[in-house]
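One gets this note's numbering by counting positions in the sequence shown from 1 and adding 4 to each. Down below is the structure, laid out as structure tokens.
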Amino acid sequence: MIISRRSVVFILLSVFIINTAAIIAYTYVPKYLLFLGIEKPLMQLIITIFPLTAFVFPPLYGFYSDKIQNRYIFILLGTIGVTFAYFFLFLTKNLILIVILLFIFGFFMASSNLLMTLFAELVEDDKTLISYFNASVVAGWFVGAQSGGIYIDFYTIEHLFLFIFLISLPNIILVFFIKEKRSLILERYNSKIEKNAHSLVLNNIEEEISISHSIYYSLFFRNFSIKPIMPILAIIMSNYLGSDIEIGFLIGINFLLQFFQMLLIGKILTNKNLKPFMIIGYTLSSITIFGYIISTNFWSYLFFQFLVSFSYSMHWAATITYIAQKTSPRNKGRYMGYANTSVFSGSFAGGLLFSLLLSAFNSDYFIVMYFMIIFPAISTLMIIVKFKPNQKITFSPKKGKDSEVLH
Numbered sequence: 005m006i007i008s009r010r011s012v013v014f015i016l017l018s019v020f021i022i023n024t025a026a027i028i029a030y031t032y033v034p035k036y037l038l039f040l041g042i043e044k045p046l047m048q049l050i051i052t053i054f055p056l057t058a059f060v061f062p063p064l065y066g067f068y069s070d071k072i073q074n075r076y077i078f079i080l081l082g083t084i085g086v087t088f089a090y091f092f093l094f095l096t097k098n099l100i101l102i103v104i105l106l107f108i109f110g111f112f113m114a115s116s117n118l119l120m121t122l123f124a125e126l127v128e129d130d131k132t133l134i135s136y137f138n139a140s141v142v143a144g145w146f147v148g149a150q151s152g153g154i155y156i157d158f159y160t161i162e163h164l165f166l167f168i169f170l171i172s173l174p175n176i177i178l179v180f181f182i183k184e185k186r187s188l189i190l191e192r193y194n195s196k197i198e199k200n201a202h203s204l205v206l207n208n209i210e211e212e213i214s215i216s217h218s219i220y221y222s223l224f225f226r227n228f229s230i231k232p233i234m235p236i237l238a239i240i241m242s243n244y245l246g247s248d249i250e251i252g253f254l255i256g257i258n259f260l261l262q263f264f265q266m267l268l269i270g271k272i273l274t275n276k277n278l279k280p281f282m283i284i285g286y287t288l289s290s291i292t293i294f295g296y297i298i299s300t301n302f303w304s305y306l307f308f309q310f311l312v313s314f315s316y317s318m319h320w321a322a323t324i325t326y327i328a329q330k331t332s333p334r335n336k337g338r339y340m341g342y343a344n345t346s347v348f349s350g351s352f353a354g355g356l357l358f359s360l361l362l363s364a365f366n367s368d369y370f371i372v373m374y375f376m377i378i379f380p381a382i383s384t385l386m387i388i389v390k391f392k393p394n395q396k397i398t399f400s401p402k403k404g405k406d407s408e409v410l411h
């Protein structure tokens with residue numbers, strides 16, 4: 005059951021706009037920084053600022069939104085903050101101010117990411133409906149990558165952030181129409197618990213969450229390698245391709261494919277195939293990095309964009325569904341936050357290593373990328389050895405406020 009259809013629709017629209025704007029920044033800010041005359045190693049270091057904020061703040065927002073049982077206030081502040089960060093980035097070309105504003109952008113983006121947690125609660129963790137959320141995210145990525153490439157080809161990159169600001173501005177209005185329905189969420193969850201003859205009412209228990217640590221470590225290592233590469237993909241492709249429209253298409257086709265894959269995976273994902281989906285997804289990440297190294301033309305890049313789309317769709321859809329169905333309204337924000345932290349802490353640490361290696365190898369992207377192939381393979385190995393999707397949530401008498409345990 006959907007607790008509030010109107011709020012679900014507005015969340016999907018909001019997520020689409022957020023990700024349309026964000027992927028333009030994510031894809032083309034490296035080229036923008038090079039346009040400002042910044043050297044490659046320093047540029048690579050600067051773009052690690054966003055993953056730094058994105059791994060520091062999600063668990064904090066998740067914890068406090070769980071504690072006060074209010075997601076909406078964080079979502080609203082995050083949406084407003086992100087939008088005006090774009091505006092102020094448009095107004096300046098000073099490197100120090102850009103660094104500060106990118107940090108502020110990451111701070112507020114982490115807050116708006118609670119849309120994912122609220123959506124899962126409003127659809128009562130339905131895996132098919134969660135796939136609609138994931139599809140809305142990647143639909144935004146597809147439109148953003150395409151429109152960013154077209155904009156730059158026609159109007160140059162100089163006023164990139166004005167374009168992003170104008171795209172994100174309507175989202176402030178959309179967020180005002182979202183209603184959290186917190187009391188109804190808790191009421192329906194309590195009712196579900198009461199129907200289980202072997203469980204106690206939610207107010208009298210604390211949940212012992214049997215979530216395998218391996219999913220967080222695997223997210224870390226996969227994103228340690230591939231996330232530092234994705235923002236510079238447009239730069240790598242420009243060595244062999246003639247226009248930003250071509251580059252925008254190749255980046256965008258990845259997300260278009262993910263849109264359909266997310267919808268399909270939402271229908272076929274089960275507890276039995278969670279582990280194979282993760283294994284295949286992480287394995288394809290290693291293959292894709294190698295593919296980016298050896299690609300020299302449009303068609304080879306297109307092939308490996310197909311592979312990376314499956315890589316992301318499979319491991320991420322399986323992971324988010326697994327977490328959503330293992331948690332409750334009392335702790336979902338926290339555990340979703342751990343997933344985001346794993347992704348972006350990997351991105352941050354990998355970005356630092358990438359920057360250091362660029363300095364050591366005279367800004368040669370391709371040599372540095374060879375070092376990164378191994379890390380998704382580590383993710384694959386961890387899931388094979390450690391991940392046990394059949395672990396169940398158990399309930400025990402309440403011992404204290406913080407008696408939840410992550411296994």
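Note that beta-carbon positions come from the ideal geometry of N, C-alpha and C, so glycine has one too. Quick caveat, the model's predicted, so the values are computed rather than measured.
- In the three-state scheme derived from DSSP, where H, G and I count as helix and E and B as strand, Gly41 is classed as coil.
- For Leu278, same chain residues with a beta-carbon under 7 Å away, outside a window of 5 residues either side, are Ala322, Tyr326 and Pro393 in chain order.
- Rounded to whole angstroms, Trp320 and Leu223 show a C-alpha spacing of 9 Å.
- Taking 8 Å as the cut-off, the beta carbon of Phe375 is found no closer than this to the beta carbon of Leu385.
- Your pair Ala139 and Phe263 checks out as a contact, with CB atoms roughly 5 Å apart and the cut at 8 Å.
- Each of Leu173, Tyr36 and Ser8 was checked against the Cα of Thr96, and the nearest Cα belongs to Tyr36.
- For a cut-off of 8 Å, the C-beta gap from Ile382 to Ile189 is around 37 Å, too long to register as a contact.
- Here Gln73 carries a coil assignment [DSSP, helix/strand/coil].
- Of the residues assessed, Lys271 falls on the exposed side of the cut-off, its CB having fewer than 16 other CB atoms within 10 angstroms.
- Assignment of Gly246 by DSSP, reduced to helix, strand and coil, places it in the coil class.
- A contact is defined here as three or more CB-CB pairs under 8 Å, and the region 22-31 meets this definition with respect to the region 141-154.
- Distances from the CA of Met47 to each of Tyr369, Ile378 and Val312 were compared; the closest alpha carbon is that of Tyr369.
- Its Cα nearest to that of Thr83, the residue Ser116 stands out among Asn275, Val103, Arg75 and Ser116.
- Ser299 and Ser290 have their C-alpha atoms some 14 Å from each other.
- Note that the C-beta distance between Pro63 and Gly341 is below 8 Å.
- Within the region 58-139, the alpha helix (DSSP H) runs of at least 4 residues that lie entirely inside it are, in chain order, 62-72, 76-95, 99-116 and 118-126.
- Ile182 and Lys44 have their C-alpha atoms some 41 Å from each other.
- Proximity of the region 216-232 to the region 241-257 falls short of the contact definition, fewer than three beta-carbon pairs being nearer than 8 Å.
- One Cα belongs to Met5, the other to Ile134, and the distance between them is close to 13 Å.
- Arg338 sits away from Phe112, with the two beta carbons spaced by 8 Å or more.
- Within the same chain, and ignoring the five residues on either side of Leu356 in sequence, the residues whose Cβ sits closer than 8 Å to its Cβ are Leu49 and Thr52.
- With respect to Leu306, Ile257 sits close: the two C-beta atoms are nearer than 8 Å.
- Taking 8 Å as the cut-off, the Cβ atoms of Asn23 and Val127 do not count as close.
- When DSSP states are grouped into helix, strand and coil, Phe224 belongs to the helix group.
- Beta-carbon to beta-carbon, Ile15 and Leu81 are separated by about 16 Å, too far to satisfy the 8 Å threshold.
- Distance from the CA atom of Asn335 to the CA atom of Ile387, rounded to whole angstroms, is 24 Å.
- In this structure, Arg75 sits away from Glu191, with a CB-CB distance that is not shorter than 8 Å.
- Shown here, Ile161 sits in coil according to DSSP, grouped into three states, outside any helix or strand.
- Straight-line measurement puts the Cα of Phe294 at about 14 Å from the Cα of Phe310.
- DSSP places Asn175 within a helical segment (H, G or I) once states are collapsed to three.
- Membership of Phe181 in any alpha helix (DSSP H) is not indicated, and neither H nor E is assigned to it by DSSP.
- Looking at Phe391, Ile100 and Ser346, the one whose alpha-carbon comes closest to that of Asn227 is Ser346.
- Boundaries of the alpha helix (DSSP H) harbouring His319: Phe302 to Lys330, taken from the DSSP string.
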